[in-house]
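*Asks:* Protein sequences appear in the order of chains P and A.
Per the numbering used here, the very first residue in the first sequence carries number 424; after that it's consecutive.
Per the numbering used here, the very first residue in the second sequence carries number 424; after that it's consecutive.
From the three backbone atoms N, C-alpha and C, an ideal C-beta is built for every residue, glycine too.
These numbers were taken from a predicted model, which means no experiment stands behind them.
There are 2 protein chains.
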Amino acid sequence: FEKIGNMVVGAARNAKKLGEQDPRRIVHSFKVALTITLVSLIYYFDFLYDGFGVSAMWAVMTVVVVFEFSVGATIGKGVNRGVATFLGGALGVGAHRLAVLTGEKAEPVILGLSVFLISAAATFVRFFPKLKKRYDYGVLIFILTFNLITVSAYRDEEVIEMAHRRLSTVMIGGSASVLICICIRPVWAGADLHNLIATNIENLGIFLEGFGREYFEMANDRKRENKASLDGYKTVLNSKSTEETLGNSARWEPRHGKFRYRHPWDQYLKIGNETRACAYRIDALNICLNSETQTTMEIRRKIQEPCMQMSLECGHALKELAKGIKTMTRSSSSGPHIENAKIATKNLETLLQTGLWSETDLLNAIQTATVA
Amino acid sequence: FEKIGNMVVGAARNAKKLGEQDPRRIVHSFKVALTITLVSLIYYFDFLYDGFGVSAMWAVMTVVVVFEFSVGATIGKGVNRGVATFLGGALGVGAHRLAVLTGEKAEPVILGLSVFLISAAATFVRFFPKLKKRYDYGVLIFILTFNLITVSAYRDEEVIEMAHRRLSTVMIGGSASVLICICIRPVWAGADLHNLIATNIENLGIFLEGFGREYFEMANDRKRENKASLDGYKTVLNSKSTEETLGNSARWEPRHGKFRYRHPWDQYLKIGNETRACAYRIDALNICLNSETQTTMEIRRKIQEPCMQMSLECGHALKELAKGIKTMTRSSSSGPHIENAKIATKNLETLLQTGLWSETDLLNAIQTATVA
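1. Who are the near neighbours of residue 692(A) in its chain, counting only those whose CB is closer than 8 angstroms to its CB and skipping five residues on each side?
2. What residues in the segment 600–626 of chain A have a beta carbon less than 7 angstroms from any beta carbon of chain P?
3. Does the separation of the CB atoms of residue 467(A) and residue 479(A) fall below 8 angstroms?
4. Taking contact to mean at least 3 C-beta pairs separated by less than 8 angstroms, is the segment 586–597 of chain A in contact with the segment 524–538 of chain A?
5. Taking all protein chains shown into account, do 16 or more other C-beta atoms lie within 10 angstroms of the C-beta of residue 664(P), making it buried, or fewer, making it exposed?
6. Just curious, the alpha helix (DSSP H) that residue 468(A) is in, first and last residue?
7. Could you tell me the distance, in whole angstroms, from the CA atom of residue 630(A) to the CA atom of residue 512(A)?
8. Hey, does residue 790(A) have any beta-carbon neighbour from chain P nearer than 8 angstroms?
9. Could you tell me whether any Cβ in chain P is nearer than 8 angstroms to the Cβ of residue 546(A)?
10. Step through the CB atoms of chain A and report whether any lies within less than 8 angstroms of the CB of residue 661(P).
11. Could you check which residue in 697(A), 700(A), 625(A), 493(A) has the C-alpha nearest to that of residue 451(A)?
12. Pair every Cβ in the segment 491–505 of chain A with every Cβ in the segment 611–625 of chain A, then say whether three or more of these pairs are closer than 8 angstroms.
13. Give the secondary structure of residue 682(A) by DSSP, where H, G and I count as helix, E and B as strand, and everything else as coil.
14. Looking at residue 455(A) and residue 543(P), is the spacing between their C-beta atoms short of 8 angstroms?
15. Which class does residue 675(P) belong to by DSSP, given the choice of helix, strand or coil?
16. Counting only Cβ-Cβ distances shorter than 8 angstroms, please list the residues of the segment 552–570 of chain P near chain A, keeping chain order.
17. Measuring CB to CB, does residue 562(A) end up less than 8 angstroms from residue 571(A)?
18. Under 8 angstroms, do residue 602(P) and residue 688(P) count as touching if we go by C-beta distance?
19. Against chain A, does residue 801(P) count as a neighbour if the rule is that its beta carbon must be under 8 angstroms from one of theirs?
20. Taking 8 angstroms as the cut-off, decide whether the C-beta atoms of residue 448(A) and residue 547(P) are in contact.
21. So the candidates are 676(A), 532(A), 527(A), 604(A); which of them puts its Cα closest to the Cα of residue 371(A)?
22. Residues in its own chain within less than 6 angstroms of residue 605(P) by CB, not counting five upstream and five downstream?
23. Taking DSSP as the reference, what is the three-state secondary structure of residue 550(P)?
24. How about residue 467(A): is its C-beta nearer than 8 angstroms to some C-beta of chain P?
25. Identify the continuous alpha helix (DSSP H) that holds residue 442(P) and give its terminal residues.
26. Does residue 531(A) have its Cβ less than 8 angstroms from a Cβ in chain D?
27. DSSP three-state call for residue 577(P): helix, strand or coil?
28. From which residue to which residue does the alpha helix (DSSP H) around residue 601(A) run?
29. Could you pull out every unbroken alpha helix (DSSP H) segment of at least 4 residues lying fully inside the segment 493–558 of chain A, listed in chain order?
30. So for residue 662(A), helix, strand or coil by DSSP?
31. Should residue 622(A) be listed as close to the ligand NAD, given that the test is whether its C-beta is under 7 angstroms from any heavy atom?
32. Below 8 angstroms between beta carbons: does that hold for residue 599(A) and residue 460(A)?
33. For residue 491(P), which three-state DSSP category applies?
34. Can you tell me the Cα-Cα spacing of residue 574(P) and residue 624(A), whole angstroms?
35. At the 8 angstroms Cβ level, is residue 447(A) part of the contact set with chain P, yes or no?
36. Please confirm if residue 509(A) has its CB atom under 8 angstroms from at least one CB of chain P.
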């Protein structure tokens, strides 16, 4: 009993932490519950239920499956599901017509064959990388709807009626989800992507600012304090899939806040890639910190000043860039920092090549940022 | 018309390429189609259809949704769906009982409230990282089934009957999918993960073997040939999400081939992480190749011999490791290479620190590999 009690307490603590980390999660849960309850009202009112009958459950199902955390993902899934239901239903009705035309005996054969062939073809289509990225869910629903309509057609002659009911209930569920998702405290994937990219660049900046101090102080055998604060860049290394998901969702979103409809989300992903490439270099630099073989003190003293200045200026420049992206202004103040960093690099170049890698990539990132 | 024709030709060419790259994709498509067709036979035979009625469509739906490319993913989804349908159905029947007990007037209120509360709670639970990783689909299906049963209960009094029919059709669809997935040319996520890890390590080895030659030849201004063959390591950088998906799926798989039931898949993910960390360093080394600022010839000549030997031996060792993993034997031949690499590193250490990073991580990777 005590074990179970501990588990419950642990779970409650986890839940509280999750909610505190991002209160939008709690709002999201209530939004989903509200939409499901609203849509399930179809069952309670006779005049609605008479129109749809048992098909009303498709509306509830659609809400459960389509309602995602961000507006973009919800719209994307809703549109995918709506269009796929329409296409699958239409093709299903077509297959049924064809089967009826060929006579009663051939009907089950034709229906079975069309189920087999269309399913195989559509399943294979899901492997196309481009389709998989944005329309995978749509193709899945297409297979589903087509098969449901075609297979039911053997038992139920009112095929068009059935396809129509299914389409309209899916539409009701989908549009209810999208409406509630947008109207009550919307979570925009675009804004999230924007902030993620800026925070990532900022993290790299923080690391570089602290790196010089850390590296040379450690040589003097001081204690490794504030080490954890430099580890922020590590989340950047594996942020690719998060960024791509957000980017995909963001494409579906209408104009909102500071973002236009066709905001250049691709540029964000490009900056994200450059940032990540930069993070790889920084990870390599970080190994220096932990490496046990250290340069001799003589060399160290020689390179200390330019190295520290370079990493400091790089860090400043990255932080300025991040600030500029966050406020969506072209920051003029990062310019001098970059210049300073370049000068410091020049000084160092004659001494050592190590630090240069992060620099070259920083410049790449800046070019992309300026284009965006 | 010509445009459409071109598009069709292009798509066909793409499809052919996809099929050639991995013929298992074609087999998979036909497996899915076969299973759907088999399950849809329920509709055609009267004695089966009389038992299930319209619920038979749940079986078709289950196949479409549950059938995944690898055996592990299919079993995982099937088990998730089965258990979730059972739990959701049971709780739905419970909610209905409770509502009936409170009297006819309060019934819709109780039902509505339970739908709202359970949906909100379950949606929030989906944010728990541990649950999200393996049971996200199950929680989704739980919400779905609970709502369908509870909401329908208001119209249809035979709640238990309905829940039972839904559960048994889901079971039929799920087990048909799992059976066909295992029996006809199974695709094991575990074997895929195994090969992926080995190939990744091999790619790093190929790079390191070629790196020394490439770096010092370039200095002599030869043409950059074979450059592309060294870029294999780049896929390693972003393999994390693929590895985790495969690892999750592999956990569901029964004993097969050379793999036991509780194969230490976690170790694979650890090796994968080390390999990736190693790839980050290698990416940093690669920048050296492209960097325009080059070390002076004097230094270059000094370090050439130990550098080349080190990268060559590192590469050999990694390739041996990859071979060892592929054949699942502990390779003894990688030992000497590692020793040679260590000696070469020692020689180089007094000259330069740059190359050391890849070395330290190589050792990490080896430790993990030996544990596995």
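*Replies:* From the atom records:
1. Taking the second sequence and counting its residues from 1, the one referred to as residue 692(A) is at position 269. When the five nearest sequence neighbours on each side are left out, the beta carbons in the same chain lying within less than 8 angstroms of the beta carbon of residue 692(A) are those of 666, 667, 670, in order along the chain.
2. none
3. In the second sequence, counting from the first residue as 1, residue 467(A) sits at position 44. In the second sequence, counting from the first residue as 1, residue 479(A) sits at position 56. Contact: no.
4. Note that the segment 586–597 of chain A does not touch the segment 524–538 of chain A; fewer than 3 beta-carbon pairs, one per stretch, sit closer than 8 angstroms.
5. As a first step, residue 664(P) must be located in the first sequence, where it is residue number 241. Exposed: under 16 other Cβ atoms inside 10 Å.
6. Along the second sequence, one-based indexing puts residue 468(A) at 45. Premise fails: residue 468(A) is in no alpha helix (DSSP H) and is neither H nor E.
7. If you number the second sequence from 1, residue 630(A) lands on position 207. If you number the second sequence from 1, residue 512(A) lands on position 89. So the alpha carbons of these two residues sit roughly 55 angstroms apart.
8. In the second sequence, counting from the first residue as 1, residue 790(A) sits at position 367. Per-residue confidence for residue 790(A) stands at a pLDDT of 42, beneath the threshold of 50, marking its modelled position as unreliable; the derived number appears in the next sentence. No, residue 790(A) lies away from the interface with chain P (no Cβ there is under 8 angstroms from its Cβ).
9. Here residue 546(A) corresponds to residue number 123 of the second sequence, with the count starting at 1. Closer than 8 angstroms: yes.
10. Here residue 661(P) corresponds to residue number 238 of the first sequence, with the count starting at 1. It does; some Cβ of chain A falls within 8 angstroms.
11. Here residue 451(A) corresponds to residue number 28 of the second sequence, with the count starting at 1. For the residues 697(A), 700(A), 625(A), 493(A), the minimum Cα distance to residue 451(A) belongs to 493(A).
12. Contact between the segment 491–505 of chain A and the segment 611–625 of chain A is present: three or more C-beta pairs spanning the two stretches fall below 8 angstroms.
13. What you label residue 682(A) is simply residue 259 of the second sequence in a count that begins at 1. Here residue 682(A) sits in strand by DSSP.
14. Counted from its first residue, the first sequence places residue 543(P) at position 120. Counted from its first residue, the second sequence places residue 455(A) at position 32. Yes; because the gap between Cβ atoms is below 8 angstroms, this pair is in contact.
15. Within the first sequence, residue 675(P) is the residue found at index 252, counting from 1. The answer is coil: DSSP assigns residue 675(P) none of H, G, I, E or B.
16. 563, 566, 567, 570
17. Residue mapping note: residue 562(A) aligns to position 139 of the second sequence, counting from 1. Residue mapping note: residue 571(A) aligns to position 148 of the second sequence, counting from 1. Between residue 562(A) and residue 571(A), the C-beta spacing is not below 8 angstroms.
18. As a first step, residue 602(P) must be located in the first sequence, where it is residue number 179. As a first step, residue 688(P) must be located in the first sequence, where it is residue number 265. Against a cut-off of 8 angstroms, the Cβ pair of residue 688(P) and residue 602(P) comes out as no contact.
19. Because chain P is modelled from 424 through 795, residue 801(P) falls outside the range shown and cannot be assessed.
20. Sequence index remark: in the second sequence, residue 448(A) carries index 25 (1-based). Sequence index remark: in the first sequence, residue 547(P) carries index 124 (1-based). Closer than 8 angstroms, so yes.
21. Because chain A here runs from 424 to 795, residue 371(A) falls outside it and cannot be looked at.
22. As a working mapping, residue 605(P) is identified with position 182 in the first sequence. Taken in chain order, the residues that qualify are 494.
23. Residue numbering aside, residue 550(P) sits at position 127 when the first sequence is read from its first letter. Here residue 550(P) sits in coil by DSSP.
24. As a working mapping, residue 467(A) is identified with position 44 in the second sequence. Residue 467(A) counts as touching chain P.
25. Translated into the one-based positions of the first sequence, residue 442(P) becomes position 19. Run containing residue 442(P): 425–444, per the alpha helix (DSSP H) assignment.
26. No chain D is present in this structure, whose protein chains are P and A.
27. Indexing the first sequence from 1 puts residue 577(P) at position 154. Three-state result, residue 577(P): coil.
28. Locating residue 601(A) in the second sequence gives position 178, where the first residue counts as 1. Where residue 601(A) is concerned, the enclosing alpha helix (DSSP H) stretches over 582–606.
29. 494–524, 530–548
30. For this step, residue 662(A) is matched to residue 239 along the second sequence. If DSSP states are grouped into helix, strand and coil, residue 662(A) belongs with coil.
31. By its list of ligands, the structure shown contains no ligand whatsoever, and the ligand NAD lies outside what it can speak to.
32. For the purposes of this step, residue 599(A) is identified with residue 176 of the second sequence, where counting begins at 1. For the purposes of this step, residue 460(A) is identified with residue 37 of the second sequence, where counting begins at 1. No.
33. As a working note, residue 491(P) is residue 68 in the first sequence. Reduced to three states, the DSSP call for residue 491(P) is coil.
34. Reading the first sequence from its first residue, position 151 is the one you call residue 574(P). Reading the second sequence from its first residue, position 201 is the one you call residue 624(A). Whole-angstrom Cα-Cα distance: 49 angstroms.
35. Against the second sequence, residue 447(A) aligns to sequence position 24. Chain P, which has no Cβ nearer than 8 angstroms to the Cβ of residue 447(A), makes this no.
36. Stepping through the second sequence from its first residue, residue 509(A) is reached at position 86. No, because no Cβ of chain P sits closer than 8 angstroms to the Cβ of residue 509(A).
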